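S.K.: Those protein sequences? They're chains X and S, same order as listed.
Here my numbering is used: the first residue of the first sequence is 1, the next is one more, and so on.
Here my numbering is used: the first residue of the second sequence is 149, the next is one more, and so on.
Glycine is no exception: its CB is placed at the ideal position from the N, C-alpha and C atoms.
As the structure is a computational prediction, the values presented were derived from the model and not from experiment.
Would you mind keeping the following structure in view while I ask a few things?
Number of protein chains: 2
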Amino acid sequence: MSQKPASSDRPPEALRLDNQLCFALYGAANRMTRLYRPMLDALGLTYPQYLAMLVLWEASPRTVGALGDALDLDSSTLTPLLKRLEAGGLVERHRDPDDERRVIVALTDKGRALRDQAETIPEKLFCALDMPLEAVGTLRERLKTLAK
Amino acid sequence: MSQKPASSDRPPEALRLDNQLCFALYGAANRMTRLYRPMLDALGLTYPQYLAMLVLWEASPRTVGALGDALDLDSSTLTPLLKRLEAGGLVERHRDPDDERRVIVALTDKGRALRDQAETIPEKLFCALDMPLEAVGTLRERLKTLAK
DNA sequence: AACGATTTAATCGTGCGCGATATAAATGCA
DNA sequence: TGCATTTATATCGCGCACGATTAAATCGTT
């Protein structure tokens with residue numbers, strides 16, 4: 001009954017899009033960005049900018065390097081992003097006098113104030129997800145350790 | 149003992165980066181792309197190009213719209229990507245004679261042949277993940293339904 | 001003090017994602 | 001038939017991600 005698949009029977013299961021963790025992750029990440037977009041538009045932030053602001057709301061000032069460590073991004077991504085946040089008046093950037101290689105990124109009053117508007121976002125997003133709180137936590141922790 | 153957090157005690161738990169499903173997803177997706185990159189470089193493909201090829205290896209030819217449905221991308225993303233695949237000789241694009249609005253994307257012999265080289269990728273990636281097969285499947289299915 | 005190695009950030013080019021818009025073909029319907 | 005509407009793809013601009021490179025400051029060793 002069973003038969004060894006000939007070359008023409010490919011793709012094998014392993015290459016089917018449906019079986020790819022990578023595609024599930026890719027699609028979920030794209031959909032998540034779309035879910036945030038309308039809320040972040042109201043704050044004048046993009047999705048990666050929002051993540052950078054989360055880091056700064058926890059601790060400001062921070063060096064570019066420290067931000068990069070927290071977000072797992074390097075300066076070629078962060079520098080232009082931070083310049084846009086600076087242009088929007090949310091942060092200030094200046095060289096560290098103690099080590100001129102470093103650039104210190106600090107929230108402005110406007111940047112700190114934006115946190116108040118952001119506070120409603122997690123709740124709204126949780127509702128949009130329509131998923132038990134515990135399941136969200138489980139998934140989040142699983143993703144944190146994925147490929148790391 | 150307990151105290152109501154004052155305004156200065158923010159950010160509240162809800163805004164902490166550690167608690168964000170969106171950031172876990174963002175980071176995992178970035179890391180996944182990095183994990184694939186060396187393998188895909190060998191095939192001359194980017195990560196989204198690889199996903200498009202997976203779709204075509206399952207069924208070619210397909211219209212741009214059908215590819216977009218499968219990948220959840222629209223023509224503004226796909227058209228340039230497909231032009232690059234065409235420039236690389238992996239696909240051909242031509243208008244559907246039965247409906248001149250549609251563009252049909254078909255694998256070339258070279259595009260079909262690339263599948264042989266791609267076949268080793270899922271196994272290599274699974275090893276790199278270092279995660280039980282069942283856990284990969286569970287995570288994948290969970291992600292498929294996330295925010296959809 | 002000198003000088004090579006390391007660290008830190010910026011710059012540049014390429015390829016996504018996607019909103020907004022454009023264009024052309026097909027369809028609906030009065 | 002004629003014309004508005006809908007559908008399918010393409011175009012354009014912006015903001016990431018990231019590899020490769022550059023430039024400057026600091027560190028370590030002698």
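Nearest to Phe171 of chain S by CA position, among X:Thr79, X:Leu143, X:Lys148, is which residue?
M.R.: The shortest C-alpha separation from Phe171 of chain S is found at X:Leu143.
S.K.: If the cut is a Cβ gap below 9 Å, which residues of chain S does Asp96 of chain X touch?
M.R.: Chain S residues near Asp96 of chain X: none, gap ~23 Å exceeds 9 Å.
S.K.: Can you tell me whether Glu119 of chain X is helix, strand or coil according to DSSP?
M.R.: Glu119 of chain X: coil per DSSP, three-state reduction.
S.K.: Starting from Val64 of chain X, find everything on chain S with Cβ-Cβ shorter than 8 Å and list it in chain order.
M.R.: Those within 8 Å of Val64 of chain X in chain S number zero; the least Cβ separation is about 17 Å.
S.K.: Alpha carbon to alpha carbon, how far is Pro12 of chain X from Asp217 of chain S? Give it in angstroms, no decimals.
M.R.: About 22 Å.
S.K.: Quick check: what's the CA-CA separation for Thr33 of chain X versus Ala254 of chain S?
M.R.: Cα-Cα distance, rounded: 31 Å.
S.K.: Suppose you measure from the CA of Gly236 of chain S to the CA of Thr227 of chain S; what does that come to, to the nearest Å?
M.R.: Whole-angstrom Cα-Cα distance: 14 Å.
S.K.: Do you know how far the Cα of Leu229 of chain S is from the Cα of Leu82 of chain X?
M.R.: Answer to the nearest angstrom: the Cα atoms are 29 Å apart.
S.K.: Could you run through the region 172 to 186 of chain S and flag, in chain order, every residue whose CB is less than 9 Å away from some CB of chain X?
M.R.: So the list reads Ala172, Leu173, Tyr174, Gly175, Ala176, Ala177, Asn178, Arg179, Met180, Thr181, Arg182, Leu183, Tyr184, given in the order they occur along the chain.
S.K.: Looking only at DSSP bridge pairs, what is Asp247 of chain S linked to?
M.R.: Beta-bridge pairing links Asp247 of chain S to S:Asp244.
S.K.: For Ile121 of chain X and Ser223 of chain S, what's the separation of their Cα atoms in angstroms?
M.R.: The straight-line gap from Cα to Cα measures roughly 30 Å.
S.K.: For the alpha helix (DSSP H) containing Asn30 of chain X, name the first residue and the last one.
M.R.: Segment 21 to 43, the alpha helix (DSSP H) holding Asn30 of chain X.
S.K.: Quick one: what's got a C-beta closer than 7 Å to Leu165 of chain S's C-beta in the same chain, skipping five residues either side?
M.R.: Around Leu165 of chain S: Phe171.
S.K.: Contact defined as beta carbons within less than 8 Å: I believe Val239 of chain S pairs with Leu204 of chain S. What is the distance between those atoms, to the nearest angstrom?
M.R.: Between Leu204 of chain S and Val239 of chain S the Cβ distance is about 7 Å, and since that is below 8 Å, they are a contact.
S.K.: When we look at the beta-carbon of Ala42 of chain X and count the other beta-carbons within 10 Å, is it buried (16 or more) or exposed?
M.R.: So Ala42 of chain X counts as exposed.
S.K.: For chain X, find out if any of its Cβ atoms is closer than 8 Å to the Cβ of Val253 of chain S; answer yes or no.
M.R.: By this cut-off, Val253 of chain S is not an interface position.
S.K.: Report back the beta-carbon spacing between Arg241 of chain S and Thr211 of chain S to the nearest angstrom; my notes put them in contact at under 8 Å.
M.R.: Incorrect: roughly 10 Å between the Cβ atoms, too far for contact.
S.K.: Considering just the uninterrupted stretch of the alpha helix (DSSP H) at Met201 of chain S, what are its terminal residues?
M.R.: Unbroken alpha helix (DSSP H) run through Met201 of chain S: 195 to 206.
S.K.: Who are the neighbours of Lys292 of chain S on chain X, taking C-beta pairs under 7 Å?
M.R.: Here the neighbours are Ala24.
S.K.: I need the straight-line Cα distance from Ala283 of chain S to Arg243 of chain S, nearest angstrom please.
M.R.: The alpha-carbon atoms of Ala283 of chain S and Arg243 of chain S are separated by roughly 43 Å.
S.K.: In chain S, which residues lie with their C-beta within 8 Å of the C-beta of Glu86 of chain X?
M.R.: Simply none; closest approach about 21 Å.
S.K.: Does any C-beta atom of chain S lie closer than 8 Å to the C-beta of Lys148 of chain X?
M.R.: Cβ-Cβ to chain S under 8 Å: yes for Lys148 of chain X.
S.K.: Could you tell me if Arg185 of chain S is buried or exposed, where buried requires 16 or more neighbouring beta carbons within 10 angstroms of its beta carbon?
M.R.: It counts as exposed.
S.K.: Please name the residues in the region 64 to 81 of chain X whose beta-carbon is closer than 9 Å to at least one beta-carbon of chain S, in chain order.
M.R.: Of all residues in the region 64 to 81 of chain X, Ala70, Leu71, Asp72, Leu73 have a Cβ within less than 9 Å of some Cβ in chain S.
S.K.: Rounded to whole angstroms, how far is the Cβ of Ala128 of chain X from the Cβ of Leu25 of chain X, which I believe are closer than 8 Å?
M.R.: 19 Å between Cβ atoms; not a contact.
S.K.: Pull the bridge partners of Arg16 of chain X from the DSSP assignment, please.
M.R.: Its beta-bridge partners do not exist; DSSP assigns none.
S.K.: Around the C-beta of Ala59 of chain X, are 16 or more other C-beta atoms found within 10 angstroms, so that it is buried, or is it exposed?
M.R.: Ala59 of chain X is exposed by the Cβ-count criterion.
S.K.: In the DSSP assignment, what residue or residues form a beta bridge with Pro211 of chain S?
M.R.: At residue 211 of chain S the sequence reads Thr, which differs from the Pro that was named. Beta-bridge pairing links Thr211 of chain S to S:Ile252.
S.K.: Where Glu123 of chain X and Ala162 of chain S are concerned, what is the direct C-alpha to C-alpha distance, given to the nearest angstrom?
M.R.: Cα to Cα, Glu123 of chain X sits roughly 8 Å from Ala162 of chain S.
S.K.: Which residues in the same chain have their Cβ closer than 6 Å to the Cβ of Ala66 of chain X, if we skip the five residues on either side of it in sequence?
M.R.: For Ala66 of chain X, where only same-chain residues beyond five positions count, there are no Cβ hits under 6 Å.
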